[in-house]
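Protein chains in written order, with the numbering used here: chain A, 97 to 210; chain B, -4 to 110.
Glycine included, every Cβ here is placed at the ideal spot set by N, Cα and C.
What follows is a set of notes on a single structure, which appears directly below.
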Amino acid sequence: GNSVTQMEGPVTLSEEAFLTINCTYTATGYPSLFWYVQYPGEGLQLLLKATKADDKGSNKGFEATYRKETTSFHLEKGSVQVSDSAVYFCALRNSGGSNYKLTFGKGTLLTVNP
Amino acid sequence: EAGVAQSPRYKIIEKRQSVAFWCNPISGHATLYWYQQILGQGPKLLIQFQNNGVVDDSQLPKDRFSAERLKGVDSTLKIQPAKLEDSAVYLCASELSRTGGETQYFGPGTRLLVL
């Protein structure tokens, strides 16, 4: 079955530091890959996505590249801000058929200090 | 455009009691999902509706959990009777496309504590 493994947190960084959160997956076929973010007290929000190999998703300074050869979708940001403090979830969903459920990793808590 | 609405936001009950959660998806969204998010874990799908039909309920504990989506719009999720391990955040999500592959939009969730 499908599974997502992401880097365990918590991750604590200083403002303007470089961020990497690792994510690897196991899936049949050619899944779409996502990063969702959950700010304190709020629901999940889509941060970025990639639907095929070598695609790069980007949003708000965050980037992730769909690497089929390493089954990875690592999240990066060159300079984090205090406002980026949140829980980040890597997820995948299969294409085709009628079941489009998301399979999530356990989440990584990021805290950015001023 | 209004987002996915859920109520209540918080609920505290004792074990063996019943509880119900309500979700109003984004207008026009055909697909609706209920996820369970236990503390420290990622959300796990409980049930997926396409309009008012069930697509996937393979991970729904059917001896105690039930869900319905009348008229293909609002949905309710019920737990009867609740167990301690049901303490979690229950997330509702909706999606526009009838064929899938679109973005799922999540509500704020209902945080349930079973004592």
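To the nearest angstrom, how far is the alpha carbon of Y126 of chain A from that of R11 of chain B? In the first sequence, residue 126 of chain A corresponds to position 30, counting from 1. In the second sequence, residue 11 of chain B corresponds to position 16, counting from 1. Approximately 43 Å between the Cα atoms of the pair.
Check the DSSP bridge columns for S110 of chain A and list the partner residues they point to. Numbered from its first residue, the first sequence carries residue 110 of chain A at position 14. DSSP, once it has assigned bridges, lists A:N209 as partnering S110 of chain A.
Identity of the residues DSSP links to F55 of chain A by a beta bridge: There is simply no residue 55 of chain A to check, as chain A begins at 97 and stops at 210 in what is shown.
Report the rounded CA-to-CA distance for D150 of chain A versus T124 of chain A, giving the unit in angstroms. Looking up residue 150 of chain A in the first sequence gives position 54. Looking up residue 124 of chain A in the first sequence gives position 28. Their Cα atoms are separated by approximately 17 Å.
Using a Cβ cut-off of 9 Å, which residues of the stretch 147 to 169 of chain A contact any Cβ in chain B, in chain order? T147
Closer than 9 Å, Cβ to any Cβ of chain A: which residues of the stretch 10 to 38 of chain B, in chain order? T26, Y28, Y30, Q32, G35, Q36, G37 and P38
Out of curiosity, what's the CA-to-CA distance linking Q45 of chain B and G157 of chain A? Sequence index remark: in the second sequence, residue 45 of chain B carries index 50 (1-based). Sequence index remark: in the first sequence, residue 157 of chain A carries index 61 (1-based). Taking the straight line from one Cα to the other gives about 34 Å.
Between the CA atoms of V183 of chain A and H24 of chain B - distance to the nearest angstrom: For the purposes of this step, residue 24 of chain B is taken as residue 29 along the second sequence, with counting starting at 1. For the purposes of this step, residue 183 of chain A is taken as residue 87 along the first sequence, with counting starting at 1. C-alpha separation (whole angstroms): 26 Å.
Can you name the start and end residues of the beta strand (DSSP E) that R106 of chain B belongs to? The count along the second sequence starts at 1 and reaches residue 106 of chain B at position 111. Unbroken beta strand (DSSP E) run through R106 of chain B: T105 to V109.
For T242 of chain A, which residues in the same chain have their Cβ closer than 6 Å to its Cβ, ignoring the five residues on either side in sequence? The structure shown has nothing for residue 242 of chain A, since chain A only spans 97 to 210.
DSSP puts A62 of chain B in a beta bridge; with which residues? Within the second sequence, residue 62 of chain B is the residue found at index 67, counting from 1. Its beta-bridge partners are B:L72.
Give, in chain order, every residue of the stretch 128 to 146 of chain A whose Cβ lies closer than 9 Å to some Cβ of chain B. S128, F130, Y132, Q134, G137, E138, G139, L140, Q141, L142 and K145
Between the C-alpha atoms of S175 of chain A and V208 of chain A, what's the straight-line distance to the nearest angstrom? As a position in the first sequence, residue 175 of chain A is number 79, starting the count at 1. As a position in the first sequence, residue 208 of chain A is number 112, starting the count at 1. Cα to Cα, the separation comes out at about 10 Å.
Can you tell me which of the three DSSP states D51 of chain B falls into? Sequence index remark: in the second sequence, residue 51 of chain B carries index 56 (1-based). Reduced to three states, the DSSP call for D51 of chain B is strand.
When you compare the CB positions of Y30 of chain B and P38 of chain B, do they come within less than 8 Å of one another, or not? Taking the first residue of the second sequence as position 1, residue 30 of chain B is located at position 35. Taking the first residue of the second sequence as position 1, residue 38 of chain B is located at position 43. Yes; because the gap between Cβ atoms is below 8 Å, this pair is in contact.
Quick check: what's the CA-CA separation for L110 of chain B versus G104 of chain B? Position 115 of the second sequence, counted from the start, is the residue given in the question as residue 110 of chain B. Position 109 of the second sequence, counted from the start, is the residue given in the question as residue 104 of chain B. Each residue's Cα considered, the two are about 19 Å apart.
Taking L55 of chain B as the reference, give the member of B:R64, B:A88, B:Q43 and B:G35 with the closest Cα. Within the second sequence, residue 55 of chain B is the residue found at index 60, counting from 1. Minimum Cα distance to L55 of chain B is reached at B:Q43.
Do V107 of chain A and I117 of chain A have their C-beta atoms within less than 8 Å of each other? By 1-based counting over the first sequence, the position of residue 107 of chain A is 11. By 1-based counting over the first sequence, the position of residue 117 of chain A is 21. A contact, by the Cβ cut-off of 8 Å.
Hey, out of A:K148, A:Y121 and A:E112, whose CA is closest to T166 of chain A's CA? Numbered from 1 along the first sequence, position 70 holds the residue referred to as residue 166 of chain A. Of A:K148, A:Y121 and A:E112, the residue nearest in Cα terms is A:Y121.
Put V178 of chain A into one of helix, strand or coil per three-state DSSP. Along the first sequence, read from residue 1 onward, the residue named residue 178 of chain A stands at position 82. In the structure shown, V178 of chain A sits in a helix (DSSP, three-state: H, G or I).
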